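Sequential numbering from 98 applies to the sequence shown in this note's numbering. Ideal placement from N, C-alpha and C gives every residue a C-beta, glycine not left out. Everything numeric in this text was worked out from a predicted model, so none of it was measured. Everything on this sheet refers to the single structure shown next.
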Amino acid sequence: MIDSQQKLPNYYSDAIDLRELFHLFWAGKWLIAGVTFAMAILAVVVTLMMPNIYKAEALLAPNDREGSSGLSSLAAQYGGLASLAGIQFSREAADKTALGLEVLESRKFISEFIERRDILVPLMAAEDWDAESGELRINPKVYDLATHEWMRDVRPPRQANPSYQEAYAEFMKILSVNQDRASGLVTVSIEHYSPIVAKQWVDWLVEDINSSIMQQDVAEAEQAIEYLYEQIESTSLAGLQMVFFELIEEQTKTVMLAKVSTEYLLKTLDPAVVPEQKAKPNRSLMVVLAAMLGGFLGVFAQLVRHSIVSATEKSAG
Numbered sequence: 098m099i100d101s102q103q104k105l106p107n108y109y110s111d112a113i114d115l116r117e118l119f120h121l122f123w124a125g126k127w128l129i130a131g132v133t134f135a136m137a138i139l140a141v142v143v144t145l146m147m148p149n150i151y152k153a154e155a156l157l158a159p160n161d162r163e164g165s166s167g168l169s170s171l172a173a174q175y176g177g178l179a180s181l182a183g184i185q186f187s188r189e190a191a192d193k194t195a196l197g198l199e200v201l202e203s204r205k206f207i208s209e210f211i212e213r214r215d216i217l218v219p220l221m222a223a224e225d226w227d228a229e230s231g232e233l234r235i236n237p238k239v240y241d242l243a244t245h246e247w248m249r250d251v252r253p254p255r256q257a258n259p260s261y262q263e264a265y266a267e268f269m270k271i272l273s274v275n276q277d278r279a280s281g282l283v284t285v286s287i288e289h290y291s292p293i294v295a296k297q298w299v300d301w302l303v304e305d306i307n308s309s310i311m312q313q314d315v316a317e318a319e320q321a322i323e324y325l326y327e328q329i330e331s332t333s334l335a336g337l338q339m340v341f342f343e344l345i346e347e348q349t350k351t352v353m354l355a356k357v358s359t360e361y362l363l364k365t366l367d368p369a370v371v372p373e374q375k376a377k378p379n380r381s382l383m384v385v386l387a388a389m390l391g392g393f394l395g396v397f398a399q400l401v402r403h404s405i406v407s408a409t410e411k412s413a414g
């Protein structure tokens, strides 16, 4: 009996505390509502000042080259002999694709891409996009279009003219390369102020990575063919000469297939298009989150104010 009687006052005490807390918040309803409203208005202003970002993406598939099966069979028969001759057989399509994707995100490839396509200014100096004219807006504090000079005010070791190392870091912020492990399909996407630029850069990336890997494989195959002819001239064994001729035939097929295919590494299933809808910012979500944050701040402010008033009354009493 004594224990139950001792517990009852605790329950009533909790109820009273909750009731008092409700009255406390109700008393400060204008403060809470004011902070919430102010945060929401601030979020609206800030989000309206933020430029739209558009995202263009292409869906790609690894290109299964016809010559890979012939080289694979030869690798099983003469792999040891070919390695002694300094010849590397083509990797499987999956390995070649993985290598190509690593190259696509490498500093060397991206830096050369920026230089070759002359996109340093729209990458580093763009600040918005004019939907009516379709032109990029370049920040005059960063780049002067009239004099074609960089106007950036940066601290050493950086210079006004952006380095390709800095440009690479900026480009990687807008580039996304993902491969689905189950299907092997690859998605390459670019985010930019201009939907036209985003689409164009995706197209150029796909074109350049295919060309880069193709040129690399052709160079390796032509070097192998040249070496094999040297080995044929230096040996008198008919069996070895036969093997070398078969290797030359397969390497020649590699060169021919590479030069006739524009999509050597990655085949386009769904090409990039100029996006009509922005990808970000999500202004409505940002306003809602800001309003929620304002509500929490208002509640906190009311609790602090109540604590100060209570402390003042106690000290005065």
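Own chain residues within Cβ distance below 8 angstroms of residue i, not counting five before or after
i, result
"V370", "A153, K296"
"R402", "G125, L128"
"V77", "In this structure the chain extends from 98 to 414, so residue 77 is not present and cannot be described."
"G281", "A158, P159, A191, T194"
"R188", "In this prediction, R188 scores a pLDDT of 48, lower than 50, which makes its location untrustworthy; no coordinate-derived value is stated."
"R213", "D305"
"P372", "Y151, K152, A153, P292, A295, K296"
"V200", "F206, I306, S309, I310"
First and last residue of the uninterrupted alpha helix (DSSP H) at residue i
i, result
"N307", "292–331"
"R204", "204–214"
"P219", "217–221"
"E232", "No alpha helix (DSSP H) holds E232; DSSP gives it neither H nor E."
Contact under 8 angstroms by Cβ, residue i with residue j
i, j, result
"Y151", "D225", "no"
"A279", "D314", "no"
"A137", "V384", "yes"
"A155", "P368", "yes"
"K375", "N149", "yes"
"S331", "Y261", "no"
Length of the line joining the Cα atoms of residue i and residue j
i, j, result
"F268", "V143", "25 angstroms"
"K420", "R255", "No answer is possible for residue 420: the residues shown for the chain start at 98 and end at 414."
"L366", "L157", "5 angstroms"
"N275", "P259", "28 angstroms"
"W298", "I287", "7 angstroms"
"V352", "K364", "18 angstroms"
"N307", "W247", "33 angstroms"
"V357", "E232", "36 angstroms"
"M339", "L196", "32 angstroms"
"A335", "A316", "28 angstroms"
"F122", "L382", "26 angstroms"
"R234", "D227", "7 angstroms"
"K411", "L386", "38 angstroms"
"V283", "I405", "60 angstroms"
"A135", "A243", "42 angstroms"
"S333", "V285", "51 angstroms"
"D215", "V239", "17 angstroms"
"A130", "L115", "20 angstroms"
"T409", "P253", "54 angstroms"
Residue interval of the beta strand (DSSP E) (run including residue i)
i, result
"Y151", "151–159"
"K126", "No beta strand (DSSP E) holds K126; the alpha helix (DSSP H) holding it covers 126–146."
"T351", "Taken as a continuous stretch (DSSP letters only), T351 belongs to no beta strand (DSSP E), being part of the alpha helix (DSSP H) at 335–357."
"Q262", "No beta strand (DSSP E) holds Q262; the alpha helix (DSSP H) holding it covers 261–271."
"H245", "Neither: H245 is in no beta strand (DSSP E) and is coded neither H nor E."
"K364", "363–367"
"V283", "283–289"
7 angstroms Cβ shell around residue i - same chain, five flanking residues per side excluded
i, result
"E263", "R255"
"A398", "L128, V132"
"L220", "I211, A264, E267, F268"
"L217", "I211, P259, A264"
"D305", "F210"
"M147", "P378"
"S407", "none"
Close beta carbons around residue i, own chain, < 6 angstroms, minus the five adjacent residues each side
i, result
"D192", "none"
"E117", "none"
"T133", "A388, G391, G392, G395"
"I345", "I322, L325"
"D241", "M248"
Among the options, the one whose alpha carbon lies nearest that of residue i
i, options, result
"I310", "F206, D250, I138, A130", "F206"
"T359", "A243, L302, S404", "L302"
"S230", "I293, R213, I405", "I293"
"F119", "I235, P253, L400", "L400"
"T194", "E209, R213, N160, S208", "N160"
"Y361", "E202, Q312, N149", "Q312"
"K270", "D300, A243, E202", "E202"
"L145", "I405, V406, R380", "R380"
"L198", "K238, D277, A243, D227", "D277"
"K350", "S333, E373, A318", "A318"
"R204", "T244, A243, M147, L272", "L272"
Test: residue i CB closer than 8 angstroms to a CB of chain B
i, result
"I310", "The chain labelled as chain B is not found in the depicted structure, where only one protein chain is given."
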